[in-house]
Structure formats: structure tokens, C-alpha cells
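Colleague:
Numbering (the working numbering), first residue to last: 94 to 410.
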């Protein structure tokens with residue numbers, strides 16, 4: 094995408110928020126991560142170049158309406174919906190990744206030292222790949238999940254390590270497998286001194302980025318060797334709608350009380366978080382899982398695609 098097109102897109106967003114969403118220029122500046130003066134110029138640019146008539150004449154306007162609906166319905170602080178073809182999952186993932194990278198960059202560009210928690214997921218990893226190289230050695234990147242599978246192999250989608258490499262930040266590995274062999278093993282892993290050090294640091298996080306996963310035959314947790322086919326069948330029998338950092342949730346976003354839950358070593362998330370927790374995930378196939386995470390109040394922000402947003406909103410109407 095050219096810089097000119099990026100400017101038109103940004104101007105369209107600013108114009109929609111101003112003329113349709115009734116936001117102040119200060120609100121727009123905060124949502125877009127720019128100064129108030131730039132927000133004012135973007136609105137003026139949209140008017141001068143014919144993007145504003147009776148409504149914003151730009152394809153992104155439909156996505157802005159969806160984002161506003163999701164933000165209002167689920168009390169989100171941040172929501173970005175990208176235009177995408179529901180039949181082209183790869184293209185949708187790329188667009189989500191680009192939008193998510195912009196959100197992440199705003200947090201990572203901070204000069205003050207920040208603790209950044211990072212979960213897992215292919216789309217979240219794609220977003221990291223879209224980040225420019227940043228020199229932020231003052232930040233600390235914390236992995237919320239163990240990246241070791243049952244056979245001892247490591248997860249190639251270790252998102253936190255990729256984020257640390259992109260930003261030259263310090264990297265804190267969670268010293269545990271994602272799924273332990275038993276509840277007793279989980280207790281042993283989680284009571285290790287180094288686990289406690291990482292957990293204490295994660296509790297201070299200024300922002301958290303996570304993915305949202307599905308629970309179904311052939312889901313990433315199964316394909317990557319973290320859970321078995323039997324685990325998947327058991328979770329579905331108990332009404333699993335999705336997972337957050339490996340922890341299965343039901344359709345209302347509540348943690349499932351199943352044996353697998355006692356074997357997960359991921360750092361805990363809290364519903365109704367006081368600091369930003371932003372999910373990066375999309376596709377119609379994930380709409381149920383993302384909707385469950387939203388209903389459970391686990392998120393303050395979401396970056397997703399148009400088809401997924403439509404499905405989530407349709408499910409509550």
C-alpha cells in the first residue's frame with residue numbers, strides 16, 4: 094500500500110469518527126495514535142479530497158461502523174476491523190496483521206520502559222512479522238505460554254521471542270510446557286522459582302497481546318502437539334467454544350472446569366482487566382471463539398476482520 098493510500102485510509106477513519114461517530118478531535122487523536130493537530134488535518138484532508146459527502150465515501154467506512162458496534166457492545170477501548178474477503182483466509186490474516194502491527198507499534202515506541210505480555214497464535218505472529226525493526230532495549234517482553242510440546246519439541250509460533258528480536262528487548266521465557274502431564278506436574282512447574290519470577294513480572298504488564306484459538310479437530314493446539322484428539326473430544330463434549338493462551342472457555346467466556354484446565358501452565362488472565370489486553374484474531378471460523386472471549390470480558394481491545402465482526406454481531410442480535 095502506498096503512503097498516499099495509507100493517508101487516505103487514515104483520513105477516512107478520522108472523518109468517519111468525526112462526522113458519523115460524533116467523536117471530538119481529541120478522541121480521534123487518541124484512537125488513531127496521533128496528535129490533535131494531525132487529527133484535525135486528516136479530517137480537513139478528507140473533506141478536501143471528496144471523501145466526505147452525506148457519508149464517508151470510502152470502503153473502510155463499513156469496517157468503522159462494525160468496529161464502533163463492537164466497541165460499544167463489549168466496552169472495548171480499542172477496536173480495529175479490516176476489510177476482508179471471507180473466502181480468502183490468508184488475505185484476511187495479512188490485513189489483520191498489518192493493522193495489529195500498527196497498534197502494537199504505538200505501545201512499543203514508548204520511550205519509558207514497558208513490560209509487554211505476549212501470548213500465542215499464528216495471526217499474532219504474523220503481526221509481529223509486520224513490525225518494523227525497533228530499538229527498544231528498555232522494554233521487557235514476557236511470554237505468557239510455555240512453548241514446549243508433549244514430545245519435547247518447541248513451538249515454531251513462539252510469538253514473544255519474535256517480538257523481542259524485532260524490538261531488541263529483553264525476553265522472558267515461561268519455563269514450563271504449555272500442557273503438563275498431570276495436575277500435580279502443573280503445580281510443580283508453577284511453583285518453580287523461575288516461573289514465579291516471570292509470573293511476577295507479567296503481573297506488572299503495561300499491555301498484553303494475545304491470540305484466540307478454536308477448539309475443534311485439527312485445531313492448532315492439536316496440530317502443534319499440545320493436546321491430543323481425545324482432549325479435543327472431551328473439550329467439545331463439555332461445550333468448549335475456544336481457548337485463550339491454551340485455557341479452554343465456553344460460549345459465555347467462562348473457563349471450562351475440565352481436567353485439561355488443571356494441566357495448563359499459562360500465566361493467568363483476569364476478566365475485566367484494568368490494563369490493555371488486546372486480541373489479534375479473525376476469520377469466520379474463529380467468530381465463535383472470539384465472541385466467547387468478548388462475552389467473558391477478557392479483552393479491552395480487538396483487531397479482527399469484517400466477516401468475523403459481522404458474524405459476532407449477528408450472534409447477539
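Even for Gly, the Cβ is constructed at its ideal location relative to N, Cα and C.
Here the structure is a predicted model, which means the values were calculated and not measured.
(1) Express the C-alpha separation of residue 103 and residue 134 in angstroms, rounding to a whole number.
(2) Where do the N-terminal and C-terminal ends of the alpha helix (DSSP H) with residue 414 fall, by residue?
(3) Excluding the 5 residues flanking residue 191 on each side, which residues of the same chain have their C-beta closer than 6 Å to its C-beta?
(4) With DSSP collapsed to three states, give me the class of residue 308.
(5) Can you tell me whether residue 49 is buried or exposed? The criterion is at least 16 other CB atoms within 10 Å of its CB, across all chains shown.
(6) Rank 330, 196, 271 by C-alpha distance to the C-alpha of residue 300 and give the top, closest one.
(7) Cβ of residue 307 within 8 Å of Cβ of residue 372?
(8) Taking C-alpha atoms, which residue in 397, 277, 267 lies nearest to residue 295?
(9) What does the alpha-carbon distance come out to for the pair residue 279 and residue 145?
(10) Would you check if the segment 206–225 and the segment 318–335 touch, i.e. whether three or more CB-CB distances between them fall below 8 Å?
(11) Which residue or residues does DSSP assign as beta-bridge partners of residue 210?
(12) Out of 297, 361, 216, which one is the CA nearest neighbour of residue 283?
(13) Please classify residue 173 as buried or exposed, where buried requires at least 16 other C-beta atoms within 10 Å of its C-beta.
(14) Are the CB atoms of residue 235 and residue 298 nearer to each other than 8 Å?
(15) Check residue 336 in the structure and name its three-state DSSP category.
(16) Throw me the rounded Cβ distance for the residue 338 and residue 272 pair, which I believe falls under 8 Å.
(17) If I measure Cβ to Cβ from residue 136 and keep anything under 6 Å in the same chain, skipping five residues before and after, which residues do I get?
(18) Report the three-state DSSP secondary structure of residue 352 (helix, strand or coil).
Modeller: Let's see:
(1) The residue given as residue 134 occupies position 41 in the chain shown. The residue given as residue 103 occupies position 10 in the chain shown. Each residue's Cα considered, the two are about 11 Å apart.
(2) Not covered by the structure: residue 414. The range shown for the chain is 94 to 410.
(3) One-based indexing of the chain shown puts residue 191 at position 98. So the qualifying residues of the chain are 223.
(4) Within the chain shown, numbered from 1, the residue matching residue 308 stands at position 215. The answer is coil: DSSP assigns residue 308 none of H, G, I, E or B.
(5) Absent from the structure is residue 49, since the part of the chain shown begins at 94 and ends at 410.
(6) Position 207 of the chain shown, counted from the start, is the residue given in the question as residue 300. Of 330, 196, 271, the residue nearest in Cα terms is 196.
(7) Within the chain shown, numbered from 1, the residue matching residue 307 stands at position 214. Within the chain shown, numbered from 1, the residue matching residue 372 stands at position 279. The answer is no: Cβ separation not under 8 Å.
(8) For the purposes of this step, residue 295 is taken as the residue at position 202 of the chain shown. Looking at the Cα atoms, 267 is the closest of the given residues.
(9) One-based indexing of the chain shown puts residue 279 at position 186. One-based indexing of the chain shown puts residue 145 at position 52. Near 57 Å, if we compare the C-alpha coordinates of residue 145 and residue 279.
(10) no
(11) Residue 210 sits at position 117 when you count from the first residue of the chain shown. In DSSP, residue 210 forms a bridge with 235, 301.
(12) Here residue 283 refers to the residue found at position 190 when the chain shown is read from its first residue. For the residues 297, 361, 216, the minimum Cα distance to residue 283 belongs to 361.
(13) Taking the chain shown and counting its residues from 1, one reaches residue 173 at position 80. Within a 10 Å sphere around the beta-carbon of residue 173 sit 16 or more other beta-carbons, which makes this residue buried.
(14) As a working mapping, residue 235 is identified with position 142 in the chain shown. As a working mapping, residue 298 is identified with position 205 in the chain shown. Yes, these two residues count as a Cβ contact at 8 Å.
(15) The count along the chain shown starts at 1 and reaches residue 336 at position 243. In the structure shown, residue 336 sits in a strand (DSSP, three-state: E or B).
(16) Indexing the chain shown from 1 puts residue 338 at position 245. Indexing the chain shown from 1 puts residue 272 at position 179. That pair is no contact at about 12 Å.
(17) Position 43 of the chain shown holds residue 136. Correct list, in chain order: 107, 108, 111.
(18) What you label residue 352 is simply residue 259 of the chain shown in a count that begins at 1. Residue 352 falls in the helix class under three-state DSSP.
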